[in-house]
Amino acid sequence: MAQMTMVQAITDALRCELKDNENVLVFGEDVGVNGGVFRATEGLQKEFGVDRVFDTPLAESGIGGLAIGLALQGFRPVPEIQFFGFVYEVMDSISGQLARMSYRSGGALNAPVTIRSPFGGGVHTPEMHSDSLEGLMASQPGLKVVIPSTPYDAKGLLISSIRDNDPVIFLEHLKLYRSFREEVPEESYTIPLGKADVKREGTDLSIFAYGAMVQESLKAAEALEKDGYSVEVVDLRTVQPLDIETIIASVEKTNRAIVVQEAQKQAGIAANVVTEITERAILSLEAPVLRVTAPDTIYSYPQAEAAWLPNYKDVMATAKKVLTF
Amino acid sequence: MTSNNNLFDPVKNLQEIEEKFEMVQILNENGEIVNDALDPKLSDEELVELMSRMVFTRILDQRSISLNRQGRLGFYAPTAGQEASQIASHFALEKEDYILPGYRDVPQIVLHGLPLWKAFLWSRGHFVGGQIPEDVNVLPPQIIIGAQYIQTAGVALGMQKRGKKSVAVTYTGDGGSSQGDFYEGINFAGAFKSPAIFIVQNNQFAISTPRALQTSATTIAQKGVAAGIPSIQVDGMDPLAVYVATRDARERAVAGEGPSFIETVCYRYGPHTMAGDDPTRYRSSETDSEWEKKDPVVRFRKYLEAKGIWSEEKETEVIEKAKEEIKAAIKQADGVQKQKVTDLISIMHKDELPYNLKEQYEIYKEKESK
Chain A
1 MAQMTMVQAI TDALRCELKD NENVLVFGED VGVNGGVFRA TEGLQKEFGV
51 DRVFDTPLAE SGIGGLAIGL ALQGFRPVPE IQFFGFVYEV MDSISGQLAR
101 MSYRSGGALN APVTIRSPFG GGVHTPEMHS DSLEGLMASQ PGLKVVIPST
151 PYDAKGLLIS SIRDNDPVIF LEHLKLYRSF REEVPEESYT IPLGKADVKR
201 EGTDLSIFAY GAMVQESLKA AEALEKDGYS VEVVDLRTVQ PLDIETIIAS
251 VEKTNRAIVV QEAQKQAGIA ANVVTEITER AILSLEAPVL RVTAPDTIYS
301 YPQAEAAWLP NYKDVMATAK KVLTF
Chain B
1001 MTSNNNLFDP VKNLQEIEEK FEMVQILNEN GEIVNDALDP KLSDEELVEL
1051 MSRMVFTRIL DQRSISLNRQ GRLGFYAPTA GQEASQIASH FALEKEDYIL
1101 PGYRDVPQIV LHGLPLWKAF LWSRGHFVGG QIPEDVNVLP PQIIIGAQYI
1151 QTAGVALGMQ KRGKKSVAVT YTGDGGSSQG DFYEGINFAG AFKSPAIFIV
1201 QNNQFAISTP RALQTSATTI AQKGVAAGIP SIQVDGMDPL AVYVATRDAR
1251 ERAVAGEGPS FIETVCYRYG PHTMAGDDPT RYRSSETDSE WEKKDPVVRF
1301 RKYLEAKGIW SEEKETEVIE KAKEEIKAAI KQADGVQKQK VTDLISIMHK
1351 DELPYNLKEQ YEIYKEKESK
């Protein structure tokens, strides 16, 4: 075991997989000798060579095409998109091509590609760096979308993503890269995709969250405990497919729920969670399922982030509304 | 205003570049060798085989159009006129080469090993049409214009990493050369020096939009300069010129010298697709008849007849065989089971189905059992 930040856990997962499987290739803009703009691939090119870990020209669409072509030659590509706001340049390769590889070949071909990409607000990035666009990916049949919130989850989920034989979008929250350390095993381990994790048990209210909103929800849960409420916090970890079993079991226990996301209300995946709950557990509900989200504007100018991004106070306020409905 | 600084003449720079991309031809319209130095000197057997494949493809086009009109085929993009460009380029390839076709490039993948009945199923819109046999190195035809180019850069890089002596080959049209993925594809392959052959079949029109409206560049071939890769424009109605350009590009690629770019100047006699396109709206009959004089099948026939290795009887024999093969393939396609929603769910993932699809599988299985 070692104390790792999330970005160290990610590097460690990549190292484990590069070592375990010679078909794993890591590539993208500045991921080689530079070790990535956030040091996520630090030291990997030195350890595994330029044949396994390499830089590409500056073109996201080309990177997507490269991944698809390499997958067709039996490789297991792990490309990086420098910031997920740049995904628009590579939407066809992801949604139009990768996601459909198995289907359009009648199951004859597959695309074991894991796209890593940072996103998320709170660190005053310039335009199009912090946008939460997981909702776009989650609505594309054929993709799995994974968003870890802790170093331990990040390593286990990334190893699972790389080993998955279908395309996975692995989104890394910028604010969580180095915000805290956690015990992480040095050897390989996996966490199943599509499995949520109860980060805190409670009996009065379920909070479903992912990404940076997990920490905000835990903070809110702690504060609510002082007011006498027992709050359960469920980290979705995979936002497509959802872990219906864990979500519904939690709602059936607490009878009240909110869903917390950093994305705008019209984006993200919170509406999917609400719908699943109302379709499957409406008779358990003592109050409507409310959402905590950002407002439906373009992502905030950096100086307005503090006012724009949802935080633990918003979680508390919405939780109280549901608790006192 | 023109610059009076005679050391700086961008207009001359452009002219000099464009002059370098003059169209290469080996066999003229009358079936005569006009460039003996470039003649690939194929054996009689090879020449007859190439001609047979071109005739097969012309018949396949005629039959496909007619089957489409009868409602026995679905999506179809006519190929007549492009036989030299499509078939002679494929003739320079080996079995281990990988083809990433566009939507008009069905003949190449059929000749590379995709069973014809599967090609017909692809046209109709049946998933079995996309089930490429394991030993056949092709993708199903690509509908997103340009996507096949960036993917080719990836397949070629994969071959390079595996140490294979093979190439990745892809095709797009003149309109496709305006796409971003077109440029990114040739540029990536160039930067990685990977074994790829990029072919633009310039058939003069992208649906109704003429070639001149795509770009002010005089040739499409010169776009290869932007990627720093060897590029050439050939007479796309001349099977020998197309063959030589592809063969040479392949040799350079497997020798580790990187990708090449080929523009074939050709023409499609038919409409863009059979989905209601009417070329008389945008093409004059004069243009059509001008290009009909350049017909690749006609000029190659003349060439082979003059050599005494092709005859009317031989051609009839090829045509009859093609018709029989097509008939058998349509019959085989007819016999394939109808698609069910549970089939579509089953082919979504290589690994286990996610919960939502598992649930929906059960729902549709129940529906289908009634």
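One line per chain: the protein sequences are A and B, in this order.
Residues 1 to 325 in my numbering are what the first sequence spells out, letter by letter.
Residues 1001 to 1370 in my numbering are what the second sequence spells out, letter by letter.
Each residue gets a CB set at the ideal place from its N, CA and C atoms; glycine is no exception.
Does residue i have its Cβ less than 7 angstroms from a Cβ in chain B?
i, result
"residue 58/A", "no"
"residue 269/A", "no"
"residue 156/A", "no"
"residue 3/A", "no"
"residue 73/A", "yes"
"residue 108/A", "yes"
"residue 97/A", "yes"
"residue 92/A", "yes"
"residue 122/A", "no"
"residue 315/A", "no"
"residue 135/A", "no"
"residue 19/A", "no"
Within 7 angstroms (strictly less), CB to CB, does residue i reach chain A?
i, result
"residue 1140/B", "yes"
"residue 1144/B", "yes"
"residue 1354/B", "yes"
"residue 1212/B", "no"
"residue 1116/B", "no"
"residue 1184/B", "yes"
"residue 1377/B", "Nothing in the structure corresponds to residue 1377/B, since chain B is present only between 1001 and 1370."
"residue 1151/B", "yes"
"residue 1322/B", "no"
"residue 1147/B", "yes"
Going along chain B, which residues have a C-beta under 9 angstroms from residue i?
i, result
"residue 105/A", "1127, 1130, 1131, 1132, 1139, 1140, 1347"
"residue 165/A", "1349, 1350, 1351"
"residue 70/A", "1154, 1155, 1157, 1158, 1161"
"residue 85/A", "The premise fails here: residue 85/A is roughly 18 angstroms from chain B at the closest Cβ pair, so nothing lies under 9 angstroms."
"residue 244/A", "1355, 1356, 1359"
From the DSSP output, read off the bridge partner residues of residue i.
i, result
"residue 1033/B", "1027/B"
"residue 1202/B", "1265/B"
"residue 240/A", "145/A"
"residue 274/A", "Partner(s): none; residue 274/A has no beta bridge."
"residue 232/A", "206/A"
"residue 200/A", "233/A"
"residue 169/A", "115/A, 145/A"
"residue 1172/B", "1200/B"
"residue 28/A", "55/A, 80/A"
Using 7 angstroms as the threshold, is the C-beta distance between residue i and residue j below it?
i, j, result
"residue 315/A", "residue 269/A", "no"
"residue 180/A", "residue 146/A", "no"
"residue 201/A", "residue 118/A", "no"
"residue 1147/B", "residue 1155/B", "no"
"residue 1190/B", "residue 70/A", "no"
"residue 1150/B", "residue 1103/B", "no"
"residue 42/A", "residue 32/A", "no"
"residue 1273/B", "residue 1077/B", "yes"
"residue 1245/B", "residue 1232/B", "yes"
"residue 60/A", "residue 81/A", "yes"
"residue 1269/B", "residue 1203/B", "no"
"residue 1214/B", "residue 1175/B", "yes"
"residue 208/A", "residue 273/A", "yes"
"residue 1092/B", "residue 1106/B", "no"
Starting from residue i and walking both ways along the alpha helix (DSSP H), at which residues does that stretch end?
i, result
"residue 1063/B", "1044-1069"
"residue 1334/B", "1312-1334"
"residue 1246/B", "1239-1254"
"residue 1306/B", "1296-1306"
"residue 159/A", "151-163"
"residue 1157/B", "1147-1162"
Can you give me the start and stop residues for the beta strand (DSSP E) that residue i sits inside?
i, result
"residue 291/A", "290-294"
"residue 1100/B", "1098-1100"
"residue 1231/B", "1231-1235"
"residue 83/A", "Residue 83/A -> no beta strand (DSSP E), and no H or E assigned at all."
Below 8 angstroms on C-beta distance, what does residue i contact in chain B?
i, result
"residue 51/A", "1161"
"residue 36/A", "The contacting residues do not exist; residue 36/A stays about 19 angstroms from chain B at best."
"residue 28/A", "Those within 8 angstroms of residue 28/A in chain B number zero; the least Cβ separation is about 13 angstroms."
In chain E, which residues lie less than 9 angstroms from residue i when you measure between Cβ atoms?
i, result
"residue 147/A", "Annotation note: the requested chain E is absent from the structure, which comprises protein chains A and B."
What residues from chain A crowd round residue i, counting only those whose CB sits closer than 8 angstroms?
i, result
"residue 1181/B", "61, 62, 65, 92"
For a contact defined as C-beta to C-beta under 9 angstroms, what are the partners of residue i on chain A?
i, result
"residue 1077/B", "Ordered by position in chain A, no residue passes the 9 angstroms Cβ test against residue 1077/B, which lies about 17 angstroms from the chain."
Kindly list, in the order they appear in chain A, the residues whose Cβ is closer than 7 angstroms to that of residue i.
i, result
"residue 1191/B", "57"
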